[in-house]
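Visitor: Quick one: the structure is below, questions incoming.
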Ligand SMILES: Nc1nc2c(ncn2[C@@H]2O[C@H](COP(=O)(O)OP(=O)(O)OP(=O)(O)O)[C@@H](O)[C@H]2O)c(=O)[nH]1
Ligand SMILES: [Mg+2]
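Numbering (the numbering used here), first residue to last: 35 to 331.
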């Protein structure tokens, strides 16, 4: 069997998680139009008859100063360290940036296979897309693949290129598995995704989700209790909404998606808790699933 590990890197909002889900054929990583959606390393597994490719989704490369940002940067470095190659995703609808070109060139010197995916082919203006492609032309040793993660256009070509860069080996994960994330982790991510979707402005970046109870009941229902943790007292009524409406929308959307995922009824109960400065508190970060120690295994 042919196998390989590829880290998916790129700036926030480039479409890394959308691409991961597309390659794997299932939703294993949450997506939103807001930058900095992904906070952890997330494994997605593409299984074929004679190959297994493990993709590691990472948080968008950024430079925050709090402990959560540190955790996110560490996730990017640790994903890169363990990988056989890098898939670097660029948003092809945005003006090319010299800094990013330099980052790609320097990353390509550290890895054996460097593939640059120019994404959002369906959406970018043609001239801009061509400009982005042209800006990458003279970087040595990179393979450039234009595609749309959203529509799936040209993703076959990417898979073809990937398969040419695999090595002989044993499957790393069971071949019917699309991710090694636990249902508990996925449940917290789904709640966060719906909060990103239904909340306005700056609040979404200040929230974390803690699963406080997760039990498989004897009547076949998964019972999940989760806290939406926010940074400010003033955020709490906004998350709850008038007459509890916003929280209800988040809960209903999250529950439906969890039921699809778990294949059984889900009883989901959400609370909102204020924890000022949780992003700077190692203990709270660890409770919310952002523990640097986990990355250093
Ligand atoms: N039109 C279009 N939109 C896309 C495409 N790929 C991703 N998007 C959208 O771009 C936004 C960001 O997508 P994500 O997959 O969350 O991006 P990301 O790189 O994982 O972002 P972070 O996790 O924040 O680093 C979402 O609104 C996606 O629906 C694409 O090929 N075409
Ligand atoms: Mg993401």
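In this text, a Cβ means the ideal position worked out from N, Cα and C, and glycines have one as well.
Closer than 8 Å: is that where the CB of residue 155 sits relative to any heavy atom of ligand 1?
Guide: yes
Visitor: Quick one: Cα of residue 184 to Cα of residue 287, how far?
Guide: 21 Å
Visitor: Helix or strand or just coil, what does DSSP make of residue 250?
Guide: strand
Visitor: From 177, 152, 67, pick the residue whose C-alpha is nearest to that of residue 165; which is it?
Guide: 152
Visitor: Given 8 Å as the limit, tell me if residue 81 has its C-beta closer than that to any heavy atom belonging to ligand 1.
Guide: False, no ligand heavy atom lies under 8 Å from that Cβ.
Visitor: Evaluate residue 226 with the Cβ neighbour count: other Cβ atoms within 10 Å of its Cβ, from every protein chain shown; 16 or more gives buried, anything less gives exposed.
Guide: buried
Visitor: On the DSSP bridge list, what partners appear for residue 116?
Guide: Answer by DSSP bridge pairing: none, since residue 116 is not bridged.
Visitor: Determine the contact status of residue 15 and residue 186, defining contact as a CB-CB distance below 9 Å.
Guide: There is simply no residue 15 to check, as the chain begins at 35 and stops at 331 in what is shown.
Visitor: Under a three-way DSSP split, which group does residue 267 fall into?
Guide: coil
Visitor: For residue 40, which residues does DSSP report across the bridge?
Guide: 89, 119
Visitor: In the DSSP assignment, what residue or residues form a beta bridge with residue 306?
Guide: 262
Visitor: How about residue 110: is its Cβ closer than 8 Å to a heavy atom in ligand 2?
Guide: no
Visitor: Between 167, 203, 205, 179, which has its C-alpha nearest residue 193's C-alpha?
Guide: 179
Visitor: Based on DSSP bridge pairs, tell me the residues matched to residue 301.
Guide: 257
Visitor: Grouping DSSP H, G and I as helix and E and B as strand, with all else coil, what is residue 220?
Guide: helix
Visitor: I'd like the list of long-range same chain contacts for residue 257, defined as Cβ closer than 6 Å, with 5 residues on each side in sequence excluded.
Guide: 249, 251, 301
Visitor: Kindly indicate which three-state DSSP category residue 131 falls into: helix, strand or coil?
Guide: coil
Visitor: Can you name the residues that DSSP bridges to residue 147?
Guide: According to DSSP, residue 147 bridges with 119.
Visitor: Suppose the cutoff is 6 Å on Cβ atoms and the five residues either side in sequence are ignored; what does the same chain contact list for residue 189 look like?
Guide: 56, 181
Visitor: Look up residue 242 in the DSSP assignment and say whether it is helix, strand or coil.
Guide: strand
Visitor: I need the boundaries of the beta strand (DSSP E) containing residue 296, first residue and last residue.
Guide: Per DSSP, residue 296 belongs to no beta strand (DSSP E); it is in the alpha helix (DSSP H), 279–296.
Visitor: I believe residue 158 touches residue 126 by the beta-carbon criterion, under 8 Å. Please report the beta-carbon distance rounded to the nearest angstrom.
Guide: Contact between residue 158 and residue 126 is confirmed by a C-beta separation of about 4 Å, below the 8 Å threshold.
Visitor: Rounded to a whole number of angstroms, what is the C-alpha to C-alpha distance between residue 4 and residue 171?
Guide: Summary: the structure shown does not reach residue 4, with the chain confined to residues 35 through 331, and so no result is reported for it.
Visitor: Flag this pair as yes or no: are the beta carbons of residue 72 and residue 94 separated by less than 9 Å?
Guide: yes
Visitor: Would you list the one or two residues that DSSP bridges to residue 77?
Guide: 90
Visitor: Going by the CB atoms, is the gap between residue 291 and residue 224 shorter than 9 Å?
Guide: Going by beta carbons, residue 224 and residue 291 fall inside the 9 Å limit.
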